[in-house]
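Participant: Here the numbering used here = 1-based position in the sequence shown + 31. All residues carry an ideal CB built from backbone N, CA and C; glycine is no exception. Nothing here was measured: the structure is a model prediction, and the numbers come from that model.
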Amino acid sequence: MHESNHTMPKFAQIAIALPIDKLFHYRIPENLSGEIAVGQRVFVPFTNRRVVGYVVGFSDEAEVKEVKDIEGIIDKDPLLTEEMLKLTKWIKDTYFCSWGEAIEAAIPSGIKKGKKELGTRIKGLHTGPEDFLITGKHKPTEEQSKALKSVIETIDKKEYVTYLLHGITSSGKTEVYLQAIDHALNKGRQAIMLVPEISLTPQTVERFVSRFGDKVAVIHSKLTPAKKFLEWKRIKDGKASIVVGARSAIFSPMSNLGVIIIDEEHETTYKQDDVPRYHARDVAEERAKLNNCPLILGTATPSLESFYKAKHGEYKLVRLTKRIDDRLLPKVKIVDMRMELATRKKIAIFSKMLLDAIENTLKKGKQAIIFLNRRGFSTFINCKKCGLVLKCKRCDTVLVYHFEEKKLVCHYCGYTQTPPEICPKCKSGYIRYLGLGTERVESEISRQFAGAHISRMDSDTTTKAGSHDRILGKFKSGETSLLVGTQMIAKGLDFPEVTLVGVVSADVTLNIPDFRSSERTFNLLTQVAGRAGRGEHAGEVIVQTYAPGHYSILTAAKHDYEKFYEEEIKSRKELLFPPFVNLVKITVRARNDELTLKTAQNLSEAIKAAIPGPGPGINSGPRARNDGTLLVAGPAPAPISRMRGYFRYNILLKGKDRTAMCALLRKVLGSFRKPHGVLIAVDVDPISM
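1. Taking buried to mean at least 16 other C-beta atoms within 10 Å of its own C-beta, is E597 buried or exposed?
2. Provide the residue(s) that pair with V532 in DSSP beta bridges, ordered along the chain.
3. Pull up the CB-CB distance for A631 and Y677, whole angstroms please, since I reckon it's below 8 Å.
4. Specify the secondary structure class of P233 as computed by DSSP and reduced to three states.
5. Which residue from A257, T330, L254 puts its Cα closest to that of S723?
6. Whole angstroms are fine: how far does the CA of P670 sit from the CA of L421?
7. What are the boundary residues of the alpha helix (DSSP H) that M115 is part of?
8. Give the straight-line distance between the Cα atoms of K347 and L195, rounded to the nearest whole angstrom.
9. Select from T540, F546, E605, R547 the residue whose C-alpha is nearest the C-alpha of Y577.
10. So V532 and A569 are in contact, right, with Cβ under 8 Å, and what is the actual spacing, rounded?
11. If we call anything under 8 Å between Cβ atoms a contact, is Q575 one with V535?
12. Give the straight-line distance between the Cα atoms of I4 and P227, rounded to the nearest whole angstrom.
13. Short of 7 Å in beta carbon distance, which residues of its chain neighbour P109, apart from the five on each side in sequence? Order them along the chain.
14. Per DSSP, L439 is paired with what?
15. Let me know if A248 comes out buried or exposed under the rule of 16 or more other beta-carbons within 10 Å of its beta-carbon.
16. Answer yes or no: do T449 and K438 have a C-beta to C-beta separation smaller than 8 Å?
17. Just list the alpha helix (DSSP H) runs in the segment 237-274, keeping only unbroken ones of 4 residues or longer that don't cross its boundaries, in chain order.
18. Considering only C-alpha positions, which residue in the set K259, K96, C128, T185 is nearest to I142?
19. Tell me the DSSP secondary structure of F89 in three-state form.
20. With a threshold of 16 other CB atoms inside 10 Å of the CB of M674, please say whether the residue is buried or exposed.
21. So, at 8 Å on beta carbons, what are the nonlocal neighbours of A315 in its own chain, with the 5 sequence-adjacent residues on each side left out?
22. Cutting at 6 Å between CB atoms, please list the residues of its own chain near I401, excluding the five before and the five after it.
23. Straight-line CA distance for E473 to I485?
24. Between H297 and the rest of its own chain, which residues show a CB-CB distance below 7 Å, the 5 nearest in sequence each way excluded?
25. Please return the same chain residues whose Cβ sits closer than 7 Å to the Cβ of S140, not counting the five positions on each side in sequence.
26. Identify every run of the alpha helix (DSSP H) within the segment 322-406, keeping only runs that are complete inside it and at least 4 residues long; order them along the chain.
27. Taking the alpha-carbon of I732 as reference, which of H197, K170, G198, G219 has the nearest alpha-carbon?
28. For E336, which residues in the same chain have their Cβ closer than 8 Å to its Cβ, ignoring the five residues on either side in sequence?
29. Going by DSSP, which residues form a beta bridge with L195?
30. Using the Cα positions of F77 and E135, report the straight-line distance between them to the nearest angstrom.
31. Give me the Cβ distance between V98 and A43, rounded to the nearest whole Å; I'm assuming they're in contact under 8 Å.
32. Can you tell which of I101, L261, Y446, I462 has the C-alpha that lies nearest to the C-alpha of E452?
33. V612 and K687 look like a contact to me (Cβ under 8 Å); what is the Cβ gap, rounded to whole Å?
34. Pick helix, strand or coil for I105, following the three-state DSSP scheme.
35. Under DSSP, the alpha helix (DSSP H) around T586 begins and ends at which residues?
36. What are the boundary residues of the beta strand (DSSP E) that L216 is part of?
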């Protein structure tokens with residue numbers, strides 16, 4: 032690794048975890064010249080303090096005259112492999128961040144500040160080898176064997192392929208993952224298994240540990256930095272050959288990857304909120320390429336982007352169409368809440384059908400889950416009589432009600448209007464905004480079913496550590512018979528005694544002003560429906576909605592993803608949204624509204640002026656046609672237009688090439704003079720607006 036002295040370069044190129052898009056040159060002092068290697072962390076003076084830098088290369092020339100010395104080496108052995116440096120550089124180019132910021136995301140928090148951490152083994156995370164014998168291999172079903180055959184060939188040939196494993200709920204995707212991992216391990220290779228943060232329940236970890244014993248390391252956000260570091264060290268030292276974890280586990284320091292798996296690939300938690308705003312699915316794809324190994328994306332409800340790639344041959348589509356033991360998919364009934372209103376004259380939370388079904392379920396001694404789709408800050412206005420939702424005349428997206436100025440605003444193009452007193456379509460006075468919270472649903476249920484044992488599960492009831500598992504534990508044991516909750520309960524949970532799932536308000540997610548709202552609604556309903564009838568008893572699902580004719584609700588009721596995809600892809604193409612383009616969202620925020628808007632307008636103009644091609648006369652409306660150029664929409668108020676005292680405006684770029692868009696933005700922002708107190712954030716492939 033170290034070169035002999037006479038060829039030693041004079042300078043090291045150092046990446047620093049600051050939002051500055053360049054490398055810094057530092058002189059290598061005599062006493063360190065034999066010790067220094069690419070991938071190490073070093074201490075360097077920066078402005079007037081001492082910071083941690085990462086050695087990414089060497090050079091004989093320095094770009095400035097006054098070059099400071101490296102002050103010390105932190106790691107004897109390089110912390111970052113060549114592969115990790117390539118991967119982090121790709122992240123820098125793709126997600127608009129500096130190389131140092133990308134590297135910072137790839138190493139555990141316990142060692143970020145230049146500490147050398149040591150600690151003891153963690154109790155409770157590992158099991159002894161004797162537990163390893165509990166579950167032997169299950170015999171895969173015919174469909175599973177077929178899916179496995181091509182994956183195993185790819186592992187053997189050391190080839191990169193991305194498989195989209197589209198399996199309906201409860202079709203046994205996990206078994207396919209376990210067998211693929213087992214095969215990679217037998218070949219002396221390693222595996223990374225990503226799960227959404229939300230489903231890192233003991234249930235998931237248990238399945239892996241009971242199959243693979245203490246070869247499993249677990250990485251998630253609830254671990255303390257010290258524990259995270261210890262797991263990281265076990266992986267780096269080769270003591271753990273399987274990592275199960277949330278999105279950051281994609282950076283696990285493995286030297287010989289054989290397979291990467293992402294379960295529930297459509298989940299939004301795979302996208303990081305802050306810098307570097309990477310998407311773990313894309314990073315996994317890049318890492319699989321670097322390791323010549325397969326990537327498996329598993330889901331019952333593929334993201335549109337992934338299914339589009341599978342349809343066009345970029346991914347290989349593998350299907351699981353049968354549930355285990357040929358259990359039936361639950362029957363889904365749609366209740367038209369507009370009819371309820373017509374017959375009962377007041378706005379009700381529960382339909383008669385849902386109340387009767389809950390009563391029957393409790394009488395039979397079975398369990399029910401009542402799901403509230405309350406994912407909304409979005410205050411939209413709809414007519415409770417005819418179901419009309421007010422949309423923008425120009426963009427066809429839902430208008431958002433702003434309380435302060437009592438106006439409806441389009442969050443794509445900035446169009447505003449005053450809310451109507453009566454419904455423009457059916458002329459009834461039932462046009463209003465209605466908010467629903469889990470507490471209100473819970474108290475209404477308690478009133479209706481006085482003797483029932485009810486638990487509530489939402490972000491308020493699960494803030495204390497362990498409360499999540501406690502609530503689910505009580506439900507699993509049958510101590511509670513009704514579970515009321517938000518999207519937390521929709522995911523991957525397996526309760527054989529649940530025979531009824533009720534969805535109180537299916538269309539809330541439809542009315543979030545976001546091009547992914549139909550996709551979210553379909554996913555959520557499909558996932559929620561999948562919680563019913565997982566035991567021997569058939570399940571039933573009751574979906575209440577004011578938009579019973581919407582294709583995302585109808586197709587979810589039939590468990591028909593293909594039909595949903597066909598409908599949705601049409602609108603994505605027409606309005607020019609992913610998968611047909613990549614998006615870059617630029618958020619400008621400041622404490623003064625006028626200043627924020629003015630800066631956003633100036634920035635939007637500067638971006639338009641920098642676009643090569645036909646010049647500033649470019650058609651930049653939301654429905655602009657795509658001729659390979661870059662389109663600019665906005666500024667428009669962000670969906671939460673004011674947050675923590677900051678006013679926020681978004682500019683949206685649409686184009687085919689992420690790297691080119693990032694390069695253009697670096698150029699524009701490099702010379703853009705932003706006023707004091709204004710902050711600008713760039714999000715490539717934003718998950719939400």
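Facilitator: By the coordinates alone:
1. Taking the first residue of the sequence shown as position 1, residue 597 is located at position 566. The residue is exposed, with fewer than 16 neighbouring Cβ atoms inside 10 Å.
2. Looking up residue 532 in the sequence shown gives position 501. Answer is I400, V572.
3. Start at 1 with the first residue of the sequence shown, and residue 631 comes out as number 600. Start at 1 with the first residue of the sequence shown, and residue 677 comes out as number 646. Contact flag wrong, Cβ pair sits at about 13 Å.
4. Taking the sequence shown and counting its residues from 1, the one referred to as residue 233 is at position 202. Three-state result, P233: helix.
5. With the chain running from 32 to 720 in the structure shown, residue 723 is simply not present.
6. Position 390 of the sequence shown holds residue 421. Position 639 of the sequence shown holds residue 670. Those two C-alpha atoms are separated by around 16 Å.
7. Translated into positions along the sequence shown, residue 115 becomes position 84. 113-125 is the span of the alpha helix (DSSP H), which, as asked, contains M115.
8. Translated into positions along the sequence shown, residue 347 becomes position 316. Translated into positions along the sequence shown, residue 195 becomes position 164. Cα to Cα, the separation comes out at about 6 Å.
9. Within the sequence shown, residue 577 is the residue found at index 546, counting from 1. Of the listed residues, the one whose Cα sits closest to Y577 is T540.
10. The sequence position of residue 532 within the sequence shown is 501, counting from 1. The sequence position of residue 569 within the sequence shown is 538, counting from 1. With 8 Å as the limit, V532 and A569 do not qualify as a contact, their Cβ atoms being about 12 Å apart.
11. Against the sequence shown, residue 575 aligns to sequence position 544. Against the sequence shown, residue 535 aligns to sequence position 504. Yes. Within cutoff.
12. With the chain covering only 32 through 720, there is no way to say anything about residue 4.
13. Numbered from 1 along the sequence shown, position 78 holds the residue referred to as residue 109. Same-chain partners within the cutoff: A68, V69, G70, Q71.
14. In the sequence shown, counting from the first residue as 1, residue 439 sits at position 408. Y432, Q448.
15. Translated into positions along the sequence shown, residue 248 becomes position 217. A248 should be labelled buried.
16. Your numbering for residue 449 matches position 418 in the sequence shown. Your numbering for residue 438 matches position 407 in the sequence shown. It is a contact, given that the beta carbons lie within the stated cut-off.
17. 256-267
18. Here residue 142 refers to the residue found at position 111 when the sequence shown is read from its first residue. Here the closest residue by C-alpha is K259.
19. The sequence position of residue 89 within the sequence shown is 58, counting from 1. Strand at F89.
20. Translated into the one-based positions of the sequence shown, residue 674 becomes position 643. Burial call: exposed.
21. To locate residue 315, count along the sequence shown from 1; it is residue 284. Result list for A315: I223, L225, I281, I291, I293, L326, in chain order.
22. Position 370 of the sequence shown, counted from the first residue, corresponds to residue 401. Excluding residues within five positions, the ones whose Cβ falls inside 6 Å are V515, G533.
23. Position 442 of the sequence shown, counted from the start, is the residue given in the question as residue 473. Position 454 of the sequence shown, counted from the start, is the residue given in the question as residue 485. Approximately 8 Å between the Cα atoms of the pair.
24. Mapped onto the sequence shown, residue 297 falls at position 266. Cβ within range, chain order: T330, T332, P333, S334, N554.
25. Numbered from its first residue, the sequence shown carries residue 140 at position 109. Excluding positions up to five away in sequence, the list reads P256, K259.
26. 335-342, 368-375, 383-394
27. Given a span of 32 to 720 for the chain in the structure shown, any question on residue 732 remains unanswerable.
28. For the purposes of this step, residue 336 is taken as the residue at position 305 of the sequence shown. The answer, listed in chain order, is P609, P610.
29. By one-based count along the sequence shown, residue 195 stands at place 164. For L195, which the question treats as bridged, DSSP gives the partners L328, L348.
30. Numbered from 1 along the sequence shown, position 46 holds the residue referred to as residue 77. Numbered from 1 along the sequence shown, position 104 holds the residue referred to as residue 135. In a straight line, the C-alpha of F77 is about 17 Å away from that of E135.
31. Position 67 of the sequence shown, counted from the start, is the residue given in the question as residue 98. Position 12 of the sequence shown, counted from the start, is the residue given in the question as residue 43. Incorrect: roughly 10 Å between the Cβ atoms, too far for contact.
32. Mapped onto the sequence shown, residue 452 falls at position 421. Out of I101, L261, Y446, I462, I462 has the C-alpha closest to the C-alpha of E452.
33. The residue labelled residue 612 in the question sits at position 581 within the sequence shown. The residue labelled residue 687 in the question sits at position 656 within the sequence shown. Their Cβ separation, rounded to whole angstroms, is 6 Å, which keeps V612 and K687 in contact under 8 Å.
34. As a first step, residue 105 is located in the sequence shown; it is residue number 74 there, counting from the start. Note: I105 maps to coil in three-state DSSP.
35. Within the sequence shown, the letter at position 555 stands for residue 586. T586 -> alpha helix (DSSP H) spans 582-588.
36. As a working note, residue 216 is residue 185 in the sequence shown. That residue, L216, is in no beta strand (DSSP E); its alpha helix (DSSP H) goes 204-217.
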